[in-house]
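Colleague: I have a structure I would like to understand better, so I am pasting it below and will then ask my questions one at a time.
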Amino acid sequence: METRATCPYCGVGCGVLIEHDGGRIHSVRGDPEHPANFGRLCTKGSTLHLTARPETRLLYPELRSVRGEPRRRVGWDEAIGSAAERFADVIARHGPDAVAFYISGQLLTEDYYVFNKAMKGLIGSNNVDTNSRLCMSSAVAAYKQTLGADAPPCAYEDFAHADCLLIAGANPAYAHPVAFRRIEDAKKARPGMKIIVVDPRRTDTASAADLHLAVLPGTDIWLYDAMLHVLLAEDLVDHAFVAAHTTGFDALREHVRTVTPEAAAQVCGVPAADIVTAARWWGGSPAAMSLWCQGLNQSAHGTHNGTALIALSLATGKIGRPGCGPFSLTGQPNAMGGREVGGLANLLPAHRDLGNPEHRAEVARLWVVDSVPEKPGLTAVELFRAAAEGKVKAIWIACTNPAQSLPELEVVREALQRCEFVVLQEAYRSTETAVFADLMLPAATWGEKEGTVTNSERRITHVNRALPPPGEARPDWRIVCDFARALGPLIGRPEAQCMFGYERVEAIFAEHAVSTAGRDLDITGLDYALLDAAGPQQWPFPAGADAADAAGRARLYADGRFATADGRARFVVPVHATTVERVDARYPLHLNSGRLRDQWHGMSRTGKVARLYSHVDEARIELHADDLAENGVASGDLVKVASRRGEIVLRAVASGEVRRGQAFVAMHWGRNVLNSGGVNVLTAGDFDPYSKQPELKHAAIRIDRI
Ligand code: SF4
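Taking the UniProt record's numbering, the leading residue of the sequence shown gets 1, the next gets one more, and so forth.
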């Protein structure tokens, strides 16, 4: 039999059909009816069935009462009771801000919703943040600063209408392969379509472009400002659109007046003529759209990277029409769903803001609680720094592996050691974070649980369960609700029984849908039955919306009215900055990190599939051949790679993709593969002031032959 679900890897959100016998998954195939992929899958998605291996799973709750001792198997009642007692004890001694949840863009929307409600509505802290902070938060801040709401305005179908596609800081050929197939299809159907790629590396995506702008790390803002300079100089700005639908253009025009292509070329390291060509292609194309991802987001000025890019769409009126607009790709499968339910330290459900008293009051009414705390919670890097300083005493981590994926790993490890109590809710037994856990709770994973996900184009899919989870593993939402009900009476909140009394996961979705009424992402017209009958839907989908009218929801702002108070989009004057960490004589190389084609995140899932090593079979650092020679290293030698924070050992290989003075290490390999740890031993925790997203994309390093 076959069960409908989605691929749990990237934000393309491909539909899959899981072929199983109720006890075992035999194969997967792309869902031909899913609008994200129409049956296609990439290498990762098509090998999902090979990842369903019980021997790699955490099957039973495990608890230890003394650090350093092995955990022992316990029953669920003891596990949940113990967690509730330990959290209640910390709250009683140190207050609610001494506990925290650190969750994941791989959770389903319903899981996210109850985690958020448990921290903000029950415990009384906003200390719930997520690995989506590492992925998307700069895009969120950029959308809100310019368009007024965290709402990607485009759809995948726009690729087929764009005459110019500017791909900035993204390598969809590897990271979003099925979306890239649609880009290739568009180019094939209309060879005149211009593809520009902005990336320090000559990736597979860059190789397919008509123009590759190999900018120096961290210099994107100069590039987009210089493009705007050219658009102004050559009268390619849509002045009527700017006058009717935006504010703040005069200040930005003055700001870019001196950012000539020649000036930007000096900073960005790309020819001025190429900047002029890019601007002319963008401005001269009837329809132009941008596509961006971590190359822009994972920066200490990631928000302004985004606002500078979005300014190109606004200045030329290329938004709200087919083939137009700024479009952020989501790294994870459900970072969008997490944003929708407000599952971050500075957000509230349905795109409400924590800093807005009316929004807090609305959420308190929805949750039937007296109030929602005002003080912003700790974001990812802040949270682990606070734990390392002893300010956060108990942390609950779900479906993510911060001991590998966060920057400044030494701080993260210190934090996990210093915490009095660490809970890890996880499907897999062996992750870098597991060694720090006092309590491990076995979670259901892909194919074993029901709920919804939202992909990069705002499309919500109902994900179904094919099999029961192995051992005693449970769905994430149920674990959270059991914990909340056990904790409530211990902290004087007996109403937790009612607040978290959901018997079915669909009741959580229904509550979430109600919370969106009248908001920009209104989905009051959606329920599981409609999603099953009519298929995945893009938001907004208010009550009474017609599923057959999908075209009306494919893109936002078609009427030129934006989600700001005055309905006008805003131009933002960006701060000109490069990377926080500078190269110097001791650390002369720029390190960049990113994804491989066939691996996913920390490899807990893809790392179990032998055939996914056929593309790249070991951890390595890629450098220009001249840099290898200059350091007396031959391609294939082992080298010590050091930054100001730590060092790891990798095999060095010569690569034609990397410019002189730069290096690339894939993000996937961690301590499970490399005894010395992965790339984040090297990275720093500096983060963007608006989004708090850290600069994972860059560190200054050196290599030494060993
Ligand atoms: Fe999965 Fe992304 Fe590949 Fe689609 S493109 S199959 S969502 S990894």
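From the three backbone atoms N, C-alpha and C, an ideal C-beta is built for every residue, glycine too.
Among residues of its own chain, excluding the 5 on either side of Ala265, which ones have a beta-carbon nearer than 7 Å to its beta-carbon?
Modeller: Along the sequence shown, one-based indexing puts residue 265 at 265. Cβ within range, chain order: Pro271, Ala272 and Ile275.
Colleague: On a Cα-Cα basis, can you pick out the residue from Glu85, Pro8, Gly39 and Asp77 that is closest to Thr51?
Modeller: For the purposes of this step, residue 51 is taken as the residue at position 51 of the sequence shown. When only C-alpha atoms are compared, the closest one is Pro8.
Colleague: Would you call Arg201 buried or exposed, if buried means 16 or more other Cβ atoms sit within 10 Å of its Cβ?
Modeller: Reading the sequence shown from its first residue, position 201 is the one you call residue 201. It counts as buried.
Colleague: Near the ligand SF4, which residues have their beta-carbon less than 5 Å from any of its heavy atoms, given in chain order?
Modeller: Cys7, Tyr9, Cys10, Val12, Cys14, Leu41, Cys42, Lys44, Gly45, Pro177 and Val178
Colleague: Please report the straight-line C-alpha distance between Val381 and Ala625, rounded to a whole angstrom.
Modeller: Counted from its first residue, the sequence shown places residue 381 at position 381. Counted from its first residue, the sequence shown places residue 625 at position 625. The alpha-carbon atoms of Val381 and Ala625 are separated by roughly 35 Å.
Colleague: Specify, as a first and last residue, the run of the beta strand (DSSP E) that Gly11 falls within.
Modeller: Here residue 11 is taken as the residue at index 11 of the sequence shown, counted from 1. Gly11 -> no beta strand (DSSP E), and no H or E assigned at all.
Colleague: Hey, would you say Met289 sits closer than 7 Å to Phe327, going by beta carbons?
Modeller: Here residue 289 is taken as the residue at index 289 of the sequence shown, counted from 1. Here residue 327 is taken as the residue at index 327 of the sequence shown, counted from 1. Contact flag set, yes.
Colleague: Where are the beta strand (DSSP E) runs, 3 residues long or more, that stay fully inside the segment 191-218, in chain order?
Modeller: 194-198 and 211-213
Colleague: What does the alpha-carbon distance come out to for the pair Arg385 and Trp282?
Modeller: Within the sequence shown, numbered from 1, the residue matching residue 385 stands at position 385. Within the sequence shown, numbered from 1, the residue matching residue 282 stands at position 282. CA-CA distance, Arg385 to Trp282, rounds to 43 Å.
Colleague: Measure the C-alpha to C-alpha separation of Ala149 and His351 and round it to an integer number of angstroms.
Modeller: To locate residue 149, count along the sequence shown from 1; it is residue 149. To locate residue 351, count along the sequence shown from 1; it is residue 351. Each residue's Cα considered, the two are about 8 Å apart.
Colleague: Since I believe Ala700 is in contact with Ser643 (beta carbons under 8 Å), could you give me their beta-carbon distance rounded to a whole number of angstroms?
Modeller: As a first step, residue 643 is located in the sequence shown; it is residue number 643 there, counting from the start. As a first step, residue 700 is located in the sequence shown; it is residue number 700 there, counting from the start. That belief holds up - the Cβ atoms of Ser643 and Ala700 are roughly 6 Å apart, short of 8 Å.
Colleague: Under 8 Å: do the segment 152-169 and the segment 585-597 share three or more Cβ pairs, one atom per stretch?
Modeller: At 8 Å Cβ cutoff, the stretches do not touch.
Colleague: According to DSSP, is Glu69 part of a helix, a strand, or is it coil?
Modeller: Your numbering for residue 69 matches position 69 in the sequence shown. Coil.
Colleague: Going by other Cβ atoms of all chains shown within 10 Å of its Cβ, with 16 needed for buried, is Ser655 buried or exposed?
Modeller: As a position in the sequence shown, residue 655 is number 655, starting the count at 1. The residue in question, Ser655, is buried, as its Cβ has 16 or more Cβ neighbours within 10 Å.
Colleague: With a cut-off of 8 Å on the beta carbons, I'd call His698 and Pro217 a contact; round off their distance for me.
Modeller: What you label residue 698 is simply residue 698 of the sequence shown in a count that begins at 1. What you label residue 217 is simply residue 217 of the sequence shown in a count that begins at 1. Yes, they are in contact, since the Cβ atoms of His698 and Pro217 sit about 5 Å apart, within 8 Å.
Colleague: Does DSSP put Ser27 in a helix, in a strand, or in coil?
Modeller: Residue numbering aside, residue 27 sits at position 27 when the sequence shown is read from its first letter. Strand.
Colleague: With three or more C-beta pairs closer than 8 Å as the rule, is the segment 559-577 touching the segment 309-317?
Modeller: yes
Colleague: Report the option in Arg321, Thr307 and Ile310 whose CA atom is closest to the CA atom of Pro286.
Modeller: As a first step, residue 286 must be located in the sequence shown, where it is residue number 286. It is Arg321.
Colleague: At a cut of 8 Å, does the segment 628-646 reach the segment 430-442 through at least three beta carbon pairs?
Modeller: no
Colleague: By the DSSP assignment, the beta strand (DSSP E) with Gln294 in it spans what residues?
Modeller: Your numbering for residue 294 matches position 294 in the sequence shown. From DSSP, Gln294 is part of no beta strand (DSSP E) but of the alpha helix (DSSP H) over Gln294 to Asn297.
Colleague: Taking the C-alpha atoms as reference points, what is the distance between Phe436 and Leu291?
Modeller: Along the sequence shown, one-based indexing puts residue 436 at 436. Along the sequence shown, one-based indexing puts residue 291 at 291. Their backbone Cα atoms lie some 38 Å apart in a straight line.
Colleague: Between Asp111, Ala151, Ala100 and Tyr60, which lies nearest to Ala563 when the distance is taken from Cα to Cα?
Modeller: Position 563 of the sequence shown, counting from 1, holds the residue named residue 563. Measuring from the Cα of Ala563, the nearest candidate turns out to be Ala151.
Colleague: Can you tell which of Pro349, Ile319, Arg280 and Val28 has its C-alpha closest to the C-alpha of Asn126?
Modeller: Stepping through the sequence shown from its first residue, residue 126 is reached at position 126. For the residues Pro349, Ile319, Arg280 and Val28, the minimum Cα distance to Asn126 belongs to Pro349.
Colleague: Any chance the segment 330-344 sits against the segment 128-135, with 3 or more Cβ pairs inside 8 Å?
Modeller: Under the Cβ criterion (8 Å, minimum of three pairs), the segment 330-344 counts as touching the segment 128-135.
Colleague: Asp688 by DSSP, collapsed to three states: which one?
Modeller: To locate residue 688, count along the sequence shown from 1; it is residue 688. Asp688 sits in coil when the DSSP states are folded into three classes, being neither helix nor strand.
Colleague: Decide if Arg4 is buried, meaning its Cβ has at least 16 other Cβ atoms within 10 Å, or exposed.
Modeller: As a working mapping, residue 4 is identified with position 4 in the sequence shown. Counting Cβ neighbours within 10 Å, Arg4 comes out buried, since at least 16 surround it.
Colleague: Report the three-state DSSP secondary structure of Met440 (helix, strand or coil).
Modeller: For the purposes of this step, residue 440 is taken as the residue at position 440 of the sequence shown. Strand, per DSSP.
Colleague: Exposed or buried, what is Val514 when buried is set at 16 or more other beta-carbons lying within 10 Å of its beta-carbon?
Modeller: Taking the sequence shown and counting its residues from 1, the one referred to as residue 514 is at position 514. Val514 should be labelled exposed.
Colleague: Report the residue from Ala208, Asp370, Arg702 and Phe180 whose alpha carbon sits nearest the alpha carbon of Cys42.
Modeller: As a first step, residue 42 must be located in the sequence shown, where it is residue number 42. Cα-wise, what sits closest to Cys42 is Phe180.
Colleague: Hey, how far is the Cα of Leu354 from the Cα of Gly23?
Modeller: Translated into the one-based positions of the sequence shown, residue 354 becomes position 354. Translated into the one-based positions of the sequence shown, residue 23 becomes position 23. Straight-line Cα distance between these residues: approximately 44 Å.
Colleague: Determine whether the beta carbon atoms of Thr307 and Thr452 lie at a separation below 7 Å.
Modeller: Residue numbering aside, residue 307 sits at position 307 when the sequence shown is read from its first letter. Residue numbering aside, residue 452 sits at position 452 when the sequence shown is read from its first letter. In this structure, Thr452 does not lie closer than 7 Å to Thr307 by Cβ.
Colleague: Beta-carbon separation of Thr330 and Gly11 under 7 Å?
Modeller: As a working note, residue 330 is residue 330 in the sequence shown. As a working note, residue 11 is residue 11 in the sequence shown. A contact, by the Cβ cut-off of 7 Å.
Colleague: In whole angstroms, what separates the C-alpha of Glu457 from that of Ile221?
Modeller: Taking the sequence shown and counting its residues from 1, one reaches residue 457 at position 457. Taking the sequence shown and counting its residues from 1, one reaches residue 221 at position 221. One C-alpha to the other measures close to 25 Å.
Colleague: Which same chain residues, not among the five before or five after Val197, have their C-beta less than 6 Å away from its C-beta?
Modeller: For the purposes of this step, residue 197 is taken as residue 197 along the sequence shown, with counting starting at 1. Here the set comprises Ile167, Thr205, Ala206, Ala209 and His212.
Colleague: Could you check where the beta strand (DSSP E) with Cys164 kicks off and where it finishes?
Modeller: Start at 1 with the first residue of the sequence shown, and residue 164 comes out as number 164. First-last of the beta strand (DSSP E) with Cys164: Cys164 to Ala168.
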